[in-house]
Amino acid sequence: MSGAPPGTTDDDRNRWLVLVVLCASLLLVAVDATVLHVAVPAVTEELRPSGIELLWIVDVYPLVCASLLILFGTLGDRVGRRRVLLIGYGCFGAASAVAAYAADPGTLICARALLGVGGAMIMPATLSILRQVFPDRRERAVAIGIWSAVAAVGAAIGPLVGGVLLEHFWWGSVFLVNIPLMAVCLPVGALLLPESTGDRSGPWDVAGALLAATGLFSVILAVKRAGGGDLFTAGTVLAGGLGCGLLVLFVRRQRRLGEPLVDLSAFSRPAFGTAVCCIVLTVLALVGLALVAAQYLQLVLGLSPLETGLRLLPLSLAAIGAGLLGSRMLHRFGPRRMVASGFALTAVAVLTLTVLGEHDRPAAMTLGFVLLGFGLETTLFGSYESMLSDAPAAEAGGAAAIGETAYQFGAGIGIALLGSVMNAMYAPAVRRADGVPGVGAADAESAGNSLGEAYTVAARIGGESGEALREAARDAFVHGMHMTLAASALLLACGALAALRLPRDLCAGHRGADELGENADRSLLPTGVTRP
127 MSGAPPGTTD DDRNRWLVLV VLCASLLLVA VDATVLHVAV PAVTEELRPS GIELLWIVDV
187 YPLVCASLLI LFGTLGDRVG RRRVLLIGYG CFGAASAVAA YAADPGTLIC ARALLGVGGA
247 MIMPATLSIL RQVFPDRRER AVAIGIWSAV AAVGAAIGPL VGGVLLEHFW WGSVFLVNIP
307 LMAVCLPVGA LLLPESTGDR SGPWDVAGAL LAATGLFSVI LAVKRAGGGD LFTAGTVLAG
367 GLGCGLLVLF VRRQRRLGEP LVDLSAFSRP AFGTAVCCIV LTVLALVGLA LVAAQYLQLV
427 LGLSPLETGL RLLPLSLAAI GAGLLGSRML HRFGPRRMVA SGFALTAVAV LTLTVLGEHD
487 RPAAMTLGFV LLGFGLETTL FGSYESMLSD APAAEAGGAA AIGETAYQFG AGIGIALLGS
547 VMNAMYAPAV RRADGVPGVG AADAESAGNS LGEAYTVAAR IGGESGEALR EAARDAFVHG
607 MHMTLAASAL LLACGALAAL RLPRDLCAGH RGADELGENA DRSLLPTGVT RP
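Going by the working numbering, the sequence shown opens with residue 127, and the numbers climb by one from there.
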């Protein structure tokens, strides 16, 4: 990065070139987050995981990632965001190779956990570097729109790539797509990305980082166990109590320190605290729906993985459109109306999808997915922009880590919560099928674990009894899906009310990114990037 004079063509080109590299980083993580969804039935058939193991395979990535985001986000502020980002690339690539050739559920779970470590390095680094490179809020809004649109692109091509690979190769091939992307990002990032750090005054709070990581991991683990049916077991209570205790200690420690790891006073500001809350509610309501949708399309409607990816494509394309229009909508409507409207539109989309049943209704599905993608991206764009713009540039890594922690925390809680709703509706209904002639209690118990397992049991039983079990399981799954959608709509309505605390326009309640930019030390900016 050459030191071009401010406002010159070279300076502008350098900023946008950095954005391209950051978006490639995001694409790496976004593809991995969705490519597994279409592979879940194949993983279940090949590795034969238990219901709890399957939840771990899906959920361990956000669990580990969420617990480590604050640690790596603030570490990037201290030792260099590019350095942490490049290490994350290497970790992500190595974990992908292990996941691709996993021979048992335990190995796959460990590989997904290592992917979470890499993701925790990558995600806050991309956002914090973006915050540094684009100090002007209008330019930054455009950059965030492109950044979020790329996330939608990753979500779009993830199922498509996974579907194509599953048509011709084994399930592990869905993880191999990460390796070429990493092979490109690692050398290109080392050459082009500028290094940047925050305020290095005072020691880095290692103890606080470990308290936050262990506390978040324990809390989300407790919620995960509760979602798997272990609500009042000793392990769940111990994990929950330990996690809450550690997080309380973390908060008290941060309030006492003169140089805290995280500025907790930021949560009292509407533009920051409410935005974080909106991110959690959005992801909490919706993250489990992608998993339910993939299973519905493949197991209820009988679509192939590739057909499933194509059916999910309208959702991602609508999200891409919302990301590209985000800057214009933000300046026209302001954060409050933009985020609240996004919540409302997403709730309407979720309720629209409740008309889906055992028979294919492509028109209703497409309409619901388009509304869902546009509303979801509108909400997340407005929330992330408000949160990131409210934070000073020197604390960009910590702010980005908080935002991504909120996202991953919502993902972990959402899968557990919505999974609990789904299981509460599905399992009892299927296990009552032991009254069907030819279906024993053990068969009904196994069929109650998941729809895929119910189909396996039904195929083994065969005949009219097997078909009756298959139909009962399909009916129970559809009913559970409807209840899950209703719960999501309720959470989204709560989000719309919470969004009313956001600033009405871009200036109201804003800490003043421009003022912060003028007062911040110029050495905090990446090499060659000057203030416009």
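For every residue, glycine included, the Cβ atom is placed at its ideal position computed from N, Cα and C.
Integer Cβ distance of residue i from residue j, believed to fall under 8 Å
| i | j | result |
| --- | --- | --- |
| residue 240 | residue 259 | So it is not a contact: roughly 29 Å between Cβ atoms. |
| residue 206 | residue 323 | 6 Å |
| residue 362 | residue 339 | In fact, because the Cβ distance is near 20 Å, the residues do not count as touching under 8 Å. |
| residue 304 | residue 222 | 4 Å |
| residue 346 | residue 533 | With a Cβ gap of about 13 Å, residue 346 and residue 533 do not count as contacting. |
| residue 573 | residue 583 | 5 Å |
| residue 619 | residue 403 | At roughly 14 Å, the Cβ-Cβ gap does not stay under 8 Å, so residue 619 and residue 403 are not in contact. |
| residue 379 | residue 342 | With 8 Å as the limit, residue 379 and residue 342 do not qualify as a contact, their Cβ atoms being about 15 Å apart. |
| residue 517 | residue 525 | 3 Å |
| residue 504 | residue 464 | 6 Å |
| residue 611 | residue 480 | 5 Å |
| residue 280 | residue 153 | 5 Å |
| residue 697 | residue 472 | What the structure shows of the chain is the stretch from 127 to 658, and residue 697 is not part of that stretch, so it cannot be assessed. |
Residue i classed as buried or exposed, judged by whether at least 16 other C-beta atoms fall within 10 angstroms
| i | result |
| --- | --- |
| residue 359 | exposed |
| residue 227 | exposed |
| residue 295 | exposed |
| residue 512 | buried |
| residue 700 | There is no way to answer for residue 700, as the model of the chain reaches only from 127 to 658. |
| residue 394 | exposed |
| residue 274 | buried |
| residue 263 | buried |
| residue 410 | buried |
| residue 488 | exposed |
| residue 468 | buried |
| residue 266 | buried |
| residue 287 | buried |
| residue 659 | This structure cannot speak to residue 659, because the chain is shown only from 127 to 658. |
| residue 140 | buried |
| residue 179 | buried |
| residue 271 | buried |
| residue 530 | buried |
| residue 371 | exposed |
| residue 208 | buried |
Rounded straight-line distance, which links the Cα of residue j to that of residue i
| i | j | result |
| --- | --- | --- |
| residue 401 | residue 628 | 7 Å |
| residue 144 | residue 500 | 26 Å |
| residue 545 | residue 312 | 36 Å |
| residue 590 | residue 597 | 10 Å |
| residue 474 | residue 462 | 19 Å |
| residue 495 | residue 155 | 22 Å |
| residue 455 | residue 252 | 23 Å |
| residue 528 | residue 476 | 27 Å |
| residue 250 | residue 433 | 34 Å |
| residue 613 | residue 321 | 44 Å |
| residue 459 | residue 466 | 11 Å |
| residue 142 | residue 485 | 47 Å |
| residue 452 | residue 217 | 32 Å |
| residue 229 | residue 390 | 44 Å |
| residue 622 | residue 408 | 10 Å |
| residue 427 | residue 447 | 28 Å |
| residue 506 | residue 201 | 25 Å |
| residue 256 | residue 148 | 8 Å |
| residue 509 | residue 491 | 27 Å |
| residue 600 | residue 290 | 26 Å |
| residue 605 | residue 422 | 11 Å |
| residue 565 | residue 555 | 14 Å |
| residue 158 | residue 197 | 22 Å |
| residue 675 | residue 595 | Past the boundaries of the shown model lies residue 675; the chain is included only from 127 to 658, so the question cannot be answered. |
| residue 233 | residue 457 | 48 Å |
| residue 309 | residue 315 | 10 Å |
| residue 306 | residue 219 | 9 Å |
| residue 268 | residue 445 | 15 Å |
| residue 535 | residue 412 | 13 Å |
| residue 482 | residue 392 | 42 Å |
| residue 146 | residue 449 | 15 Å |
| residue 181 | residue 166 | 10 Å |
| residue 607 | residue 194 | 32 Å |
Any non-hydrogen atom of the ligand PLP closer than 6 Å to residue i Cβ
| i | result |
| --- | --- |
| residue 481 | In the structure on display, the ligand PLP does not appear, and there are no ligands present to speak of. |
**Report entry** Three or more C-beta pairs below 8 Å linking the region 165–176 and the region 573–588
**Finding:** Contact between the region 165–176 and the region 573–588 is present: three or more C-beta pairs spanning the two stretches fall below 8 Å.
Query raised in the report: Counting Cβ pairs closer than 8 Å, one from the region 181–192 and one from the region 289–309, do we hit at least three?
Result: No contact exists between the region 181–192 and the region 289–309.
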